[in-house]
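Below: one structure, written as structure tokens.
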Amino acid sequence: MKKSIVVIILAVLIIVLLVVMFYNASRPKGLVAFVIDDWGYNKRNIDLALEIDRPLTISILPNLRYSKYVAEEFAKANNAYDNPASSAGVQKQQGCGERHYPQ
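Quick note: the sequence shown uses this note's numbering, first residue 55, plus one each step.
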């Protein structure tokens, strides 16, 4: 009697363990987003950022010396960029101030 109870308990534990293992294996893993903020002050590190082989979103500050240049470079590379000031009603500079999402 005790032996059959132990066998049943072990069988239930094995089944539960298998269900948990397969359930966890089928669940999607976490996601990572790359967002780089406050571009437009200079041209440094643009080439480094463009080498990232994952989807990348940058935020370009408006009306800075290199804002338009940065927007053009990231648009050429088909990366998403956004100007956070555009939704706050700040005057837009050509090439910035809009949201650009790759097709």
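Each residue gets a CB set at the ideal place from its N, CA and C atoms; glycine is no exception.
Query: Separation of D107 from S121, as counted between CA atoms; Result: 23 angstroms
Query: Stretch pair the stretch 83–102 + the stretch 110–118: three plus CB contacts closer than 8 angstroms; Result: yes
Query: Buried versus exposed call for A65 [16 or more other C-beta atoms within 10 Å across all chains shown]; Result: exposed
Query: Run of the beta strand (DSSP E) containing L110, from where it starts to where it stops; Result: L110 to I114
Query: Limits of the alpha helix (DSSP H) - the one that V124 falls within; Result: S121 to K130
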